[in-house]
Amino acid sequence: MKTNDAYGRITAKNIFSPINVPPCKTSTKRGYAMLASDGKGVRKVLKAHTTCDKISVVPGTCMRVRSGDPIPNGANTVVTPENIKILDECNDDDYFNINKEYEIEVLVAPEINKNIRNVGDEIQYSQLIIKKFTYLGPAELGILTLCSLDIIPVTELPLVGLLSINNELKESENLTLGYIYESNRVTLTSLLKKNGYDPVDFGISAYKLNAITKKIEDALNKVDVLVIMGHSNDKDILKSILKEYFNAIIHFGLLNMKPGKSTTFASCTYNNKKKFFLCMSANPTTVPIVAHIVLLPLLNTMCGNFFKQPIILQICMNNHELHLRPKFSWTTIRWTEEEMFPRAYCLKNQHQDIIKYQKANALLMLPPRTRQIGQETLDFFLLRRDCDTQLASGQIKDGLNEATVLTKYITNNLAGNVNVIQLAKCDKKKIKEDLIFLSNKYSGSTILLIGDTLNDIIHDAIEEVINKNVRIDINTLITSLTEGLECFIIRPICGILNRSLIINMCGFYRNAQASLEAFGNRILDILCLINSPDEEIFYVKEEECVDSCVEPFNNNNDNNNDDNNDNNGNNSANEFDNNDCNDDEQFDNNINDFDSFYNDNSKPSTSNDKTNDNTNDIHDFDKMPMEVSFEEQPLKTQLSMDYFCKKQEESKVVSLEDAQNIMKTIIYKYHKIYSETVRTNDAYGRVIAKDIYSSVNVPRCCVSTKHGYAVLASDGKGVRKVLKANLMLIKKISIVPGICIRVRSGDPIPDGATAVVKSVNTKIIDEDDNINYFNIDNMEYEIMVLVAPKEGENIKKAGCEIKSNELIKYSYSRIKTADLGILTLCDIDSITVIKLPSVGLLCIGYDVLRPGNTSTLGRIYDCNKIIVSSLLKKNGYNLMDFGISAYEPNVMQYRIKDALEKVDLLVIIGRTNDKDTLKCTLKTCFDANIHFGGVNIKPGKSTTFATCMFNEKRKFFLCMSANPATVPIITHILLLPLLDILQDNSDNNILKIATRIKTSHDLHQRPKFTWTSLEWSEKTVDLYPSAHSINVEHQHMTKYQFSNALLMLPRHTPEVPKLDADSAFLTAIFMGN
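Here the sequence shown is numbered in the working numbering, starting from -2 and rising by one per residue.
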């Protein structure tokens, strides 16, 4: 398969690099390539040439190079501009861009190999770059492109079919089941497509033997895996059909989980080929859960995707009702800035399982209920003492009642077992002994001291026994809890003793209750953390990280030395991501008035003489890398490189947070949003233009929640006559005393029925073992109801999930898999969405298309293109590729103009440095406003955001360095958020997590982003992940390949030049598994 088409596929073999990357020596800095043996002194600068291999540097000469450029023959060092002096310098010329010879003086003795990246530093020839059975994401595709691999072996995707089995065959008054099956189909289809599979829909089969058999035969002729929804219960006929008609082996027919107990996995041989079945309930609550935990792992295994496993992490949660079977429940996991661990939030409504799925980002795995406890419990001890012995008996009784109130609150809200212990006397020594005894015997418990007692004695007793040295993450929470309790308690104190939490809540009882109501969750958080291993941890506050500061700007002549000096003393000086084009520049602390700084009113002269002079400088058209004639194009102006070099300005640099705010402000001010109507089935990933309300109740009528018999509850126990089953006419049947009708889970309840009796609570009279009474349709029989039914038992009322006219989706939010199922259930077949912004990509470099030119730069641009395009595709955007433009002002002008005629946002990669001419081209030729020309991060300093009016429409530019280490980072933190802003998407997909670093990191003068892998341990109770990074110099594409998050490192300071492993908590942006 072509590499460009392989996103999301799985490699079939180990893949080795056929070349070195880089294939030749390249420069890590902008500067002059020369011979180190020449030492200090004067050098003649040769004219720039696009093919460096045709130039040889000899003693006394040198050649200009930019970051990433090949090193010319003979050269063995690169001297940066701050270490040279241009002789006979003319202030009107930018000597680094003009195409002429001149002389320089080298001020420092060059070192051999300084600022040079050697052949194969990133990837060596024959190196294993991608293992067999690896999922191909943006990083892997970029590496393959860098290694000149255009075709790769991938595994075949299994063909998947979807088949629903339904009782309703035709349109009738009640279409409840039809909408349920359609909702399931839409949910599964979008989920499978999101994961790279293209399912085949085989529709709905009637619940008849011949109909089911025929549908399965048709499906097995076309697919490898058949997913069957509906009637997978043991009392249904599906499993019997698979065994008797297809000789299927039932590998498992039940799963010990809720929901999804009836899930069945089977296989058979059909037309000499192995086929697989996954059968599940048609309950819309069950389908997405079984799809996530059974279907997707099955398909991934079949295509060799063994390494992509779900992330399992520990979380804090409130109490949950448990079930006899292990239970899966949709939940929303959130991280807050104050907490270093995740917390799970769940909807409390019993029947709103579909809405839970819509709002969730994780599956909560709950343990089975046991006889001892019905929910997750913790031990709480209330040590109560009223020191005033003269209290009246009524007051003592009031105190006991208050303790009872606290006990009830803890039991109901904190899921705890409570033990009230009366202190014999208010003696500090005795209290200390009691605290030590309880904390030793009941480790992991909470000890609350309550009562109207002598607070000072309690406070001093606790202070003397608690541990003084605890992990900083626990201490942070304890400090926060203590400060919060000051609102209610006179002298609050909290601490840890033998892994038990001790809290002083002495005072008025109502204050203690208010404290529990306000800080109950914080107490549970501390209890979760105190069981993790004791380690001393240094915590770096988030405000000290990425967006905390802007580097100072200095107008002195040697203002560029700081960055160079920092690099000399920093182990990461020659890393690939240090090649960001603006690494040699410093910043201005003033970040205000961006537009006025960049967008002065000066315009270039357009007189005839000046124009003619400039057009004489344009290259011969026969030598151009593309077949265009500039005379035929209505360009605004044609100017030489020299003109643009004279117009360059120093860019102001803003923090990342300011950059994001500037983009929002500009887009909200200038961008006009348009909408369009699309079919619901085609709306996955789109942003809704207006609120959506349900057209119907969900469910539309009362439905059964169990297999059983619909009865009159008032009949109580006794004999019932079971009517013939005809679910097409079920709403025309009325239940009267003495009769009932069979119903399955999800079936409509017939008129008159007030309860559903489960099958296990009935007995068939005169039962014949050869008859499956629950599936026969053509006979009546009698049953004995063994348990008196209750009114409304096992019945789900109409609208209990979603009511008619209920708001089901807010405007400016993104449509996800769960939303498609809900919209289908609510009878919404089309919706109004925001039009997608059109996005274009243009790369700017040397004349890389010239025949015979080195392919190094071409591969870099192809690598960047495939990374950006795959990331945009993953997020629902289609990228329009405008190729590579030669680094000539008039060529760039034409190529940008061509792109602006087709797209709203143009992403430009390459030549964004202040010493390049791109920004001047945008300003001069397109009247562009440069809203920011640099971002105070590493890599990505030269990132630029600009706008202009073109054909009476506002257009947007995001320009970034061509460094492959920079491109994916800027795409994640600026480009994708920019596209969301253009759609006014209110869903914030950026998930920031506090993580503990497990690798040492050298810091930089600017806040730095580096790729890392977040890992959660199932073996410990640590709720925070650990961040592991590859610390091999230059191998930044490899870092990206094996990472799932971006780590935000703080800036370098004299006090903290480096972060050691296990020394800090930092914020990471989680990108997903």
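Don't be surprised by glycine CBs; every beta carbon is placed ideally from N, CA and C.
This structure is a prediction, so every number in the text was calculated from the model and none was measured.
For residue 260, the three-state DSSP class (helix, strand or coil): Residue 260 falls in the coil class under three-state DSSP.
Environment of residue 946 [buried if 16+ CB atoms lie within 10 Å]: That one is exposed.
Unbroken stretches of the beta strand (DSSP E), 3 residues or longer, contained in the region 793 to 844: Restricted to the region 793 to 844, the beta strand (DSSP E) segments that are unbroken, complete and at least 3 residues in length are 804 to 806, 827 to 831 and 836 to 842, listed in chain order.
Continuous beta strand (DSSP E) stretch holding residue 202: start and end: 197 to 203 is the span of the beta strand (DSSP E), which, as asked, contains residue 202.
Boundaries of the beta strand (DSSP E) in which residue 1024 is found, first to last residue: Start and end: 1023 to 1025.
Residue closest to residue 267, alpha-carbon to alpha-carbon, out of 253, 215 and 278: In this structure, 215 is the residue among 253, 215 and 278 with its C-alpha nearest to the C-alpha of residue 267.
DSSP three-state assignment for residue 926, whether helix, strand or coil: Strand.
Cβ-based neighbour list, residue 901, same chain, cut-off 6 Å, excluding 5 preceding and 5 following: Once the five neighbours on either side are set aside, the close Cβ partners of residue 901 are 834 and 835.
Cβ pair residue 211, residue 197 closer than 9 Å: At least 9 Å separates the beta-carbon of residue 211 from that of residue 197.
Distance between residue 979 and residue 871 (C-alpha atoms, nearest Å): A direct Cα-to-Cα measurement between residue 871 and residue 979 gives close to 17 Å.
For residue 242 and residue 206, the rounded distance between their alpha carbons: So the two alpha carbons sit approximately 10 Å from each other.
Cutoff 7 Å; reference residue 16; Cβ partners in own chain excluding five residues on either side: Contacts found: 122, 144 and 145.
Endpoints, the alpha helix (DSSP H) within which residue 238 is located: Run containing residue 238: 235 to 243, per the alpha helix (DSSP H) assignment.
DSSP state of residue 697 mapped onto helix, strand, coil: The answer is coil: DSSP assigns residue 697 none of H, G, I, E or B.
Extent of the continuous beta strand (DSSP E) run through residue 953: Run containing residue 953: 950 to 957, per the beta strand (DSSP E) assignment.
CB of residue 24 within 9 Å of CB of residue 71, strictly: In this structure, residue 24 sits away from residue 71, with a CB-CB distance that is not shorter than 9 Å.
Separation of residue 330 from residue 487, as counted between CA atoms: When rounded, the distance between both Cα atoms is 35 Å.
Residue 21 to residue 118 span [Cα, whole Å]: Computed Cα separation, rounded: 10 Å.
Residues that DSSP places opposite residue 163 in a beta bridge: Listed as beta-bridge partners of residue 163 by DSSP are 203.
Residue 83 CB to nearest heavy atom of the ligand ATP below 8 Å: The ligand ATP is absent from the structure shown, which contains no ligand whatsoever.
Reference residue 14, options 103, 120 and 1028, closest by Cα: Measuring from the Cα of residue 14, the nearest candidate turns out to be 120.
Three-state secondary structure (DSSP) of residue 29: In the three-state scheme derived from DSSP, where H, G and I count as helix and E and B as strand, residue 29 is classed as strand.
Sequence-distant residues of the same chain with beta carbon closer than 6 Å to residue 919, five excluded per side: Excluding sequence positions up to five before and after residue 919, its CB lies within less than 6 Å of the CB of 925 and 943, all in the same chain and listed in chain order.
Buried/exposed call for residue 781, threshold 16 Cβ in 10 Å: Burial call: exposed.
For residue 783 and residue 715, the rounded distance between their alpha carbons: Straight across, the Cα-Cα distance linking residue 715 with residue 783 is about 7 Å.
Distance, residue 820 Cα to residue 356 Cα: Rounded to the nearest angstrom, the gap between the Cα atoms of residue 356 and residue 820 is 14 Å.
CA-to-CA distance, residue 179 to residue 200, given in whole angstroms: Straight across, the Cα-Cα distance linking residue 200 with residue 179 is about 9 Å.
Simplified DSSP state of residue 333, which is helix, strand or coil: Reduced to three states, the DSSP call for residue 333 is coil.
Runs of alpha helix (DSSP H) lying entirely within the region 468 to 496, each at least 4 residues, in chain order: The region 468 to 496 contains these whole alpha helix (DSSP H) runs: 469 to 482.
Through-space distance from residue 364 to residue 3, alpha-carbon basis: Answer to the nearest angstrom: the Cα atoms are 40 Å apart.
Helix, strand or coil at residue 255 according to DSSP, with G and I counted as helix: Strand.
8 Å contact criterion, which residue 192 and residue 284 should meet: CB distance rounded: 15 Å between Cβ atoms; not a contact.
Cross-strand partners of residue 1067 (DSSP beta bridge): Residue 1067 is bridged by DSSP to 988 and 1042.
Collapsed DSSP secondary structure at residue 858 in the structure displayed: Helix.
Burial state of residue 688 (16 or more Cβ within 10 Å): So residue 688 ends up on the exposed side.
Bounding residues of the alpha helix (DSSP H) (the contiguous stretch that carries residue 354): Note, residue 354: alpha helix (DSSP H), 350 to 356.
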